[in-house]
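Protein chains in written order, with the working numbering: chain H, 1 to 470; chain S, 1001 to 1647; chain C, 2001 to 2500; chain P, 3001 to 3104.
Virtual Cβ for every residue (Gly too), placed ideally from N, Cα, C.
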């Protein structure tokens, strides 16, 4: 029993161990530089990531509250990778920050929360995981303790997430009231689509939508990204979003599969809104973090298009896209982080003439942006196109057409930055930057991922098999 | 009848010369270029004489058939329609071979002296060879599309040669004009080809002619059956093909390029714009003559009237021009008009074919005396350094050879026996008499006018003013009468101008290949001779001595005179149509629409997006409570929608 | 013979350039790479002929298929017929010439040649691929290098042009993508399996209703690449702002991707719809031809002149495709080849002139024939080819298109054909106008008097292109023998009408 | 069970929920907004308890869930207040209206 418990929860447990190690580090704090800790912790995270691939057994714990499957393990590995990259790229930001251990503690606790959320087979477990992944995030958003923007971001995040989770809970309570259980499988069994359940479902839906920052529940996103430290923004934009997306698909497909034609309409509507609004806002952003926020909103819209098909292919392409999106977005954020910590500049206009001084970084940023825009040969092309393909598989060409047309707008604003980097003249461009080793590793991982993932069809097929395996 | 394959060298030698001189000439061969060109052309001239000998003299049997010496499929379109390149000999093509090579040879020799010291000497000869090649390829075509191809090639080589003095804006303009006008005509030619080939399912000459003439062929019925705007497809096709011919042969109203084309070097004018290229149109109609004559007399009528009008019209204008080359240009146009309406009045086979033979005969003789006239004029210009009559006069002493040969040519063109022009013209007139009186009288009048303006030209150049006036002040920078190489061609050609008339032409060339005995009654000959003499006498009175009679007459018929002097304002009409209508009413709007409307929409869409995004930015107000409110609205909006959907 | 090498070599060349800094090394690498590519294409041609001679009548030679995304039915499928073969040859010629004319590209030379090679790789991949998705992949690969090439190395309003080009081509590919989706999801076989494989698709009949819905997307999408009126506006700006080599690539290769796609994807896979829509296609093509020609007449910038004339000439491609009979389509393909070579040569000449005189304005040029005879002759030859002079490729292609178009007996089609024929006159007008103003006439600017003529690399570039143009112009039968069977294979499908 | 039917419970909780929501949308003081959120959560708790007691009395799922909600709400409040205090440190105000530096 214990043995099985350990094996099934190995990833969570590993994280907990690392969490405690950081805690100990914190307790035994001596003011001599925390720099060398970064190395240690990153090492641990690397181990954690690799360990995810071993001893992967499937099963259930706590009579179905906690499930583990091949797919879930894979998703957790993706998240681990995200965490690793984020912590690597965070190094320039953290190295002079005096609360380094707290940063990691909060970060790790959010990840643990996500893991529980992903494995949850029960609304209670899900709720706990969700909150565990949300509340520390607000603290992280506020991690620039003496910056007004940062604390405003934290405030906005915590309040709106509290608000949304209240609505979510309302939905949960109605579900409970109509079905009398929190267990997913039993809920599915006893759904009869009466008005209260539909309402409850909508409330749950909005809860997810809020976390995924789907229009019109997205407003917090841009502000928080702009205010929060860059690594946190990166983490928010990729890891937490990915976690929620994974759960979202499970809930939609498995729990509320009977309401398919209902949530199909909801997804249609929200995805159109999300892509459109995200693009239109992204077009005229000046701050690059804010710009990436809106672009990521638009990306979520594409994810919804993929999900809306309700097929295994949809789920697979969603996961595949999220993997690629993780590389692309983290790559972009990594460069932005390096630049903003070294030069303090965060505006697109500051990047004019960037290529003259920092060719390597320019190419990295460009490749990442191209991947976000979905331009071959970067992997983003494949990710986006598979999403649209699975969206079209149900004959929903209207939505796909809308998305495809919007790719032009998104093309425009990504190319805007490329233009600034390569073409615009600038009297005093950002000075040449010496990238340190860890963030460079992070960037390299991302670029390799971007360039390789697309061509390795095996990755997609692996995911496809996993998602159809369940 | 099989031909020696070395005849293929006739067109190939000039081609080789062109490539050689065109690629290496400028750098390496500049001094010897002329020699090379002349030599190779001499060779091909001899070869074409051999061809004539083989074809006509060694020929056994009653009928001259067309012989295809060599042919290959060049570009297949469908199973039965394809462009073939080949080498076909029949009476008219052999005749043309001789004409082209001989005249071209003369011009080559002449140019040795005339173009001496020109810095683009080699290029000049390269272009000459290119033209000769194209012209030869044209006349031996087996396939109507082959003719079209070489048609374009002669067009472009004439463009290159007219624009030879490319730093003279007038030359550039003239070359452009020549190319574009003929190109416009070629458009008709092309569409004509498309129509004919579509109905005949072939481009091959013999097959085409057979299919469109034999009364029982389904092709012919289909061509006649399908009609557009009331005319049968066949009529359209033939008329459009003739349009191409009219363009090249400078028939009214497509003649406007020919006078300007005189901007080119004078030997070029002699070769291209007098002897060979401009008669290509006549050759084309002759080539398709059976179809015209048998299947579509209506089209032939058009040919006839176009020719007659052009002949008269050009002759009138020629009387008023003061630039000697332009006078010759208009006379060329008028003479070609003769050939055209000669074809027009002709019928197919036997005696009716007289016009055909006559036309070819005139083409043959005209080539000699007109080339002679141009080369003579060239000699004059070479000495005077001017084209204007007013700068000339009394040159008979300073340049005797030119004077004599020029006189011979004038007599020939005026139709005074026993010179060549007389015979050919006489045949044409009798052909016209047999078929259409109106044409006959036009022709007679034109003959008179021709004699008049030719001798006006002759007298103003060689008599009129007193010689010594300018001979002295020209001596220092004039080359006398020019080098030997310039005199020899004049002499040779004048021999041709005298002797060519005595060839029994009917034995060789006729509409159906049979021998045709050319009738010759003095009764028919009297009237034209009288007309010619009248013209000459009037010219003598007016221009032999310097006086003001001519101006008086001009003043008397002022309207006609100024009209003719300005070429009846045809050019102005063209300029109006092209500049005003094509450029301003189509070109400018097209460009404007592209810039502002088509492009504008594309940019408009882009700016629309930006505008929208600025419009809705206030939604993101930054106040957390507004966000919550939107959240709220979203939730309940979705909830209402959902419940509505489920119910 | 393995086709993948055709993509591999440019990619490797591109990657190799990254390891060098000096212009001398980089350009030499690029030159070697593209020269090798040209040789390979000739070798491929030889093998191709050998196979055909050996009686291999397979529609696609050197067919190979490597599974890529099996669950989506995507495989890296390659193979060529005569049409693709011709296209590959064209690309090889243009690429080599393009590398040669940008011999003195001082600014960021490494990146320049890298992008150039990437672009060419995209083109080759597009022409050899038989899988719609892979095709689309290569089609899109070609977009971004153009953006950078124009925006970084261009002249004039380069940012605007680059952005415009990128966005319009992106829009085109978005439409293409929808078309592909439509084809893909209507291609279910008896087991309900979908496929992207063109060979497969050609035998599966897509329902007529679906065709009617998706043909416009596919055709217009590819048409935007091929300068379909009224979506041609990227052409003038893009071409005129681009550096010489990029203009050559754009007009010589990229625009052909569009025409090729219209033929191989839209028309070939959805013939019934194509038949229904053909009047519209013809109309647009005829408009593009005439209107492009007239718009050219008004231009004063040499590059704009050539760009607009490209619009007009590419109209012939669409005209031929729209006529949908064997001759016309053969003509369309020939026109693609011919226009590719010719316009590349034209842009090369213009680039050489611009490099020396630093102006492309007709008003500021004149009498260049005196000072730079070689370049001027090249310019004139390109012009003559573009106005369809026999002996050059343009004549062959246009005549074939006319011949084919005339097979259509309906009056409307006839009128369209006549209008298109009429464009040869307008073409003559603007070509002679351009040549007369810039090449002939007196010298307007005495500084031009001591300019030097073409250097060896420029001469080589011109000769490479001339070789192609003239061999087609003198002996077109080899080209038609190459293309003919390919088109004949396509006709098996295109000939299909709604009735049958 | 004596008298009070489930519907009353639901009505109460719903009222409480909307009161909380209204407060969240209208109060300008951040702390007050936080309290309104707590109201909403409590209304949810009432729901759980009521459902559990009236509909499914045989197990304690709802009750347990409520306990979790209360605990988590406490944690949330703690973090929120910490952040608000920090905001106050930086801007000298806890007025929601003035915390709008990040916008558009």
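In the displayed model, residue 1463(S) falls within coil according to three-state DSSP, outside both helix and strand. Residue state for residue 1611(S) is assigned as helix, using DSSP reduced to three classes. Neighbours of residue 1622(S) in chain H, taken as residues at a C-beta separation under 8 Å, are given in chain order as 223.
For residue 131(H), the chain P residues whose Cβ falls inside 8 Å of its Cβ are 3072, 3075, 3076, in order along the chain. Closest by C-alpha distance to residue 447(H), out of 368(H), 376(H), 416(H), 383(H), is 368(H). Residue environment for residue 270(H): buried (at least 16 other C-beta atoms within 10 angstroms of its C-beta). Burial is judged here by how many other beta carbons sit within 10 angstroms of a residue's own beta carbon; residue 1603(S) has fewer than 16 and is exposed. Chain-order list of chain H residues neighbouring residue 1604(S): empty, with the shortest C-beta distance near 15 Å, by a criterion of under 9 Å.
Leaving aside the five residues that flank residue 1535(S) on each side, the residues in its chain whose CB is nearer than 6 Å to its CB run, in chain order, 1448, 1451, 1452. By the C-beta density criterion, residue 1636(S) is exposed, having fewer than 16 other C-beta atoms within 10 angstroms.
For residue 2121(C) against residue 2011(C), the beta-carbon gap comes to about 5 Å, under 8 Å, which counts as contact.
Chain order gives no chain S residues near residue 3082(P), where near means a beta carbon separation below 7 Å; the closest approach is about 17 Å.
Contacts between residue 2406(C) and chain S, judged by CB atoms closer than 9 Å, involve 1191, 1194, 1195, 1197, 1198 in chain order.
Below the 9 Å Cβ cutoff, chain H contributes no neighbours of residue 3063(P), its closest Cβ being approximately 11 Å away. Within chain S, not a single residue places a beta-carbon under 9 Å from that of residue 2216(C); the smallest gap is close to 18 Å.
Within 9 Å of the CB of residue 1639(S), no CB atom of chain P is found; the nearest one sits about 14 Å away.
If you draw a 10 Å sphere on the C-beta of residue 2047(C), you find fewer than 16 other C-beta atoms in it, and that means exposed. Below the 7 Å Cβ cutoff, chain S contributes 1187, 1190, 1191 as neighbours of residue 2421(C), in chain order. Note on geometry: alpha-carbon atoms of residue 305(H) and residue 315(H) lie some 11 Å from one another.
In this structure, the alpha-carbon of residue 2205(C) lies about 37 Å from that of residue 298(H).
Of the candidates 28(H), 27(H), 268(H), 85(H), 85(H) places its Cα closest to the Cα of residue 42(H). Cα atoms of residue 1233(S) and residue 1322(S): separation of roughly 45 Å, rounded to the nearest angstrom. By the beta-carbon neighbour count (other beta carbons within 10 angstroms, threshold 16), residue 2087(C) is buried. Counting of Cβ neighbours within 10 angstroms places residue 183(H) among the buried residues, the total reaching 16 or more. The three-state reading of DSSP puts residue 193(H) in coil, since its state is none of H, G, I, E or B. Annotation for residue 2077(C): the continuous beta strand (DSSP E) segment containing it runs 2074-2080. For residue 427(H), there is no enclosing alpha helix (DSSP H), as DSSP gives it neither H nor E. Around the beta carbon of residue 1436(S), 16 or more other beta carbons lie within 10 angstroms, which makes this residue buried.
Using a Cβ distance threshold of 8 Å, residue 2042(C) and residue 2003(C) do not count as a contacting pair. Look at the segment 2337-2389 of chain C and you find these whole runs of alpha helix (DSSP H), each 4 residues long or longer: 2368-2371, 2373-2386. A buried status is given to residue 1257(S), since no fewer than 16 other beta-carbon atoms sit within 10 Å of its beta-carbon. Residue 60(H): member of the beta strand (DSSP E) spanning 59-61, first to last residue.
By alpha-carbon distance to residue 1169(S), the top candidate from 2462(C), 2373(C), 2437(C) is 2437(C). Within chain S, the residues whose beta carbon sits less than 9 Å from that of residue 2424(C) are 1183, 1186, 1187, 1190, listed in sequence order.
With distances taken between CA atoms, residue 2376(C) lies nearest to 2459(C) out of 2427(C), 2459(C), 2294(C).
In this chain, the beta strand (DSSP E) harbouring residue 1085(S) covers 1082-1089.
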